[in-house]
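Participant:
In UniProt numbering, the protein residues as written are 1 to 602.
1) Could you check which residue in 403, 415, 347 has the C-alpha nearest to that of residue 378?
2) So, at 7 Å on beta carbons, what are the nonlocal neighbours of residue 444 in its own chain, with the 5 sequence-adjacent residues on each side left out?
3) Of all the CB atoms in chain C, is at least one closer than 9 Å to the CB of residue 144?
4) Is residue 446 helix, strand or coil when you go by DSSP?
5) CB residue 208 to CB residue 22, shorter than 9 Å?
6) Give the DSSP bridge partners of residue 46, in chain order.
7) Could you pull the start and end residues of the alpha helix (DSSP H) that residue 466 belongs to?
8) Are three or more beta carbon pairs between the segment 588-597 and the segment 289-297 nearer than 8 Å?
9) Across the segment 467-474 and the segment 568-578, are there enough close Cβ pairs to call them in contact, namely three or more that are closer than 8 Å?
10) Could you tell me whether the Cβ atoms of residue 552 and residue 534 are closer together than 9 Å?
11) Confirm the yes/no value for this check: CB of residue 305, any heavy atom of the ligand FMN, distance under 8 Å.
12) Could you give the residue range of the beta strand (DSSP E) that holds residue 213?
13) Return the CA-CA distance between residue 140 and residue 214, expressed in angstroms with no decimal places.
14) Which residue wins for smallest C-alpha separation from residue 302, given the options 13, 579, 10?
15) In angstroms with no decimal places, state the Cα-to-Cα distance between residue 203 and residue 157.
16) For my contact list, residue 171 and residue 161 are in at a C-beta cut-off of 8 Å; report their separation, rounded to the angstrom.
17) Relative to the alpha-carbon of residue 463, which residue among 537, 225, 596, 373 has its alpha-carbon at the smallest distance?
18) Would the segment 65-73 count as touching the segment 95-114 if we require 3 or more Cβ pairs under 8 Å?
19) Would you give the residue range spanned by the beta strand (DSSP E) that residue 87 belongs to?
20) Once DSSP output is grouped into helix, strand and coil, what is the label at residue 404?
21) What beta strand (DSSP E) runs, 3 residues minimum, are completely inside the segment 70-158?
22) Note down the Cα distance separating residue 127 from residue 544, rounded to an integer number of angstroms.
23) By Cβ distance below 6 Å, which residues in the same chain neighbour residue 331 in space, the five residues on each side in sequence not counted?
24) Report buried or exposed for residue 503, applying the criterion of at least 16 other Cβ atoms within 10 angstroms of its Cβ.
25) Just confirm the distance between the C-beta atoms of residue 326 and residue 420, as a whole number of angstroms; I'd bet it's less than 8 Å.
26) What are the partner residues of residue 505, as DSSP defines its beta bridges?
27) Please classify residue 592: does DSSP put it in a helix, a strand, or coil?
28) When we look at the beta-carbon of residue 560 and count the other beta-carbons within 10 Å, is it buried (16 or more) or exposed?
29) In chain order, what residues of the same chain have a beta carbon less than 8 Å from the beta carbon of residue 574, not counting five sequence neighbours either side?
30) Straight-line CA distance for residue 229 to residue 518?
31) Check this for me: beta carbons of residue 93 and residue 100, under 9 Å apart or not?
32) Have a look at residue 384 and residue 563 and give me their C-alpha separation to the nearest angstrom.
33) Rounded to the nearest angstrom, what separates residue 17 and residue 195 at their Cα positions?
34) Check residue 580 in the structure and name its three-state DSSP category.
35) With distances taken from CA atoms, which of 285, 165, 595, 82 is nearest residue 29?
36) On the three-state DSSP scale, how would you describe residue 165?
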């Protein structure tokens with residue numbers, strides 16, 4: 001008897017909490033560079049009937065998942081890479097691979113909604129919760145005029161999610177007499193009327209949420225009366241059940257005011273019906289960057305963006321860092337720092353940058369470059385140059401102009417590769433020897449060798465200044481606690497003792513780009529067995545290894561790729577249109593044209 005009473009209590013609790021249990025988070029499984037990403041909300045219904053005007057009959061789904069085309073927009077690929085997550089009464093999460101229960105061949109889209117019939121893979125699974133107490137009953141009368149409606153959807157979290165229920169009401173525009181909808185989050189707070197207003201709040205994922213009506217003193221306390229959707233102008237525009245035959249036959253734009261056959265009320269519908277594979281016109285602008293740029297068919301575009309935004313030798317051309325700071329992307333400082341740490345420059349390329357900006361009597365010409373190469377015994381590289389430019393040995397052309405000439409790109413790449421490669425048999429003279437021959441100072445060469453492509457000590461200092469309120473006094477004390485760091489600290493003593501207030505924050509008195517800091521970086525970046533380096537300094541300030549290990553990545557990668565990987569993971573809803581706006585903002589209209597051309601052709 002006790003067991004029966006317990007079961008009865010659990011059943012009642014499930015009915016009471018069905019609003020929580022019948023809504024799911026729809027996840028797109030990560031592939032390659034893209035991690036798992038929340039696409040939006042969905043909900044289960046049972047005994048759904050949809051009019052089919054073609055056969056003049058009804059389509060019946062015993063069990064069905066309903067969401068919008070913004071959440072699942074490609075039946076062939078997305079369903080196979082999606083899974084559903086449901087809440088349990090004990091606050092655990094139930095996860096269901098969608099392709100194991102979905103009949104893809106019978107998926108139907110209409111009115112911007114996607115109806116996906118589901119059924120158990122085997123008879124033994126017919127008693128699973130997704131086929132018993134989770135599905136909602138569906139109304140057979142239009143309830144858009146009800147004053148007791150809830151919109152229920154998921155609130156995304158890092159490793160879990162919450163289910164949010166908010167009151168949704170009709171509101172009539174006095175001028176146009178159109179019926180729109182608003183969501184009430186809290187009494188006394190301005191109602192929310194658009195998709196942007198809803199999604200600005202705490203990772204709300206309203207697309208595909210269910211509209212429920214409370215029913216007191218009935219077995220089914222909640223009944224599904226519609227699906228939460230949005231019009232092209234982002235206004236809240238639910239689709240209400242039951243659908244009429246004209247709803248399911250229409251394959252083009254729909255009227256914003258559609259008359260329902262239920263109670264004779266006018267209900268707001270979506271302004272367009274979008275196919276699962278995308279919409280008409282410039283619908284590609286609403287595609288998510290995180291979904292499209294990871295696909296093989298867009299690899300060429302992705303690589304082109306990476307190459308164009310990585311290149312930063314010409315400071316007049318905006319690069320990945322400018323993109324990261326745009327209003328659309330808004331990459332946090334630590335993300336930008338991590339991207340910067342991945343920059344893949346060679347020592348030779350750094351040296352050529354230094355030589356190219358020399359002026360007056362120190363200016364380097366092609367003739368001087370060739371003479372220096374001969375002097376260090378690198379006739380192999382001289383031959384590479386003269387094979388392309390036969391008069392190069394007497395050329396007065398400045399190195400800067402030689403570097404900036406597009407026709408020399410391949411030649412420069414070969415020169416850089418040869419001077420960087422220190423593994424060649426019997427070749428002992430490399431980029432540093434060339435720098436010495438051209439009178440580049442030892443300090444400058446040390447900076448190139450030990451602070452490029454990565455400068456972990458500088459990255460560590462940037463982190464300290466950004467994340468910890470370190471005073472001059474505190475910095476000195478921490479360094480002096482480790483005798484192995486004292487030699488490096490001597491490089492900073494003249495700078496920190498020049499009338500500096502010891503109680504001031506380091507970030508207010510220190511410039512990370514000066515000769516004292518450069519000497520400090522070189523000393524701590526050198527890895528000498530048995531001698532303290534920048535890692536010991538990080539440990540002295542209590543910085544976890546998980547953080548400081550990224551200051552000196554073992555494999556240099558593209559900073560733009562690092563930025564895109566972050567976008568794929570944390571800005572999953574950035575659209576192609578927003579990406580184009582960001583590129584336009586940094587005056588990279590060349591790349592805007594590449595993006596639009598690629599997707600218009602597809």
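Backbone N, C-alpha and C define an ideal beta-carbon position, used for all residues, glycine too.
Facilitator: Straight from the coordinates:
1) 415
2) 354
3) Here chain C cannot be found, since the structure has a single protein chain.
4) helix
5) no
6) 63
7) 456-467
8) no
9) no
10) yes
11) With respect to the ligand FMN, the structure shown offers nothing to examine, as it has no ligands at all.
12) 204-214
13) 15 Å
14) Taking only the C-alpha atoms, the option nearest residue 302 is 579.
15) 7 Å
16) About 29 Å; that fails the 8 Å criterion.
17) 537
18) Result yes; three or more Cβ-Cβ pairs closer than 8 Å.
19) 82-87 is the extent of the beta strand (DSSP E) around residue 87.
20) It is helical.
21) 82-87, 93-97, 108-110, 113-117, 149-156
22) CA-to-CA, the gap between residue 127 and residue 544 works out to about 48 Å.
23) By the criterion of a C-beta distance shorter than 6 Å, residue 331 is surrounded in its chain by 324, once the five residues flanking it on both sides are discounted.
24) The residue is exposed, with fewer than 16 neighbouring Cβ atoms inside 10 Å.
25) That pair is no contact at about 34 Å.
26) 471
27) helix
28) It is buried - the Cβ of residue 560 has at least 16 other Cβ atoms within 10 Å.
29) 288, 289, 290, 328, 329, 567
30) 57 Å
31) no
32) 36 Å
33) Spanning the alpha carbons of residue 17 and residue 195 requires a straight line of approximately 26 Å.
34) helix
35) 82
36) strand
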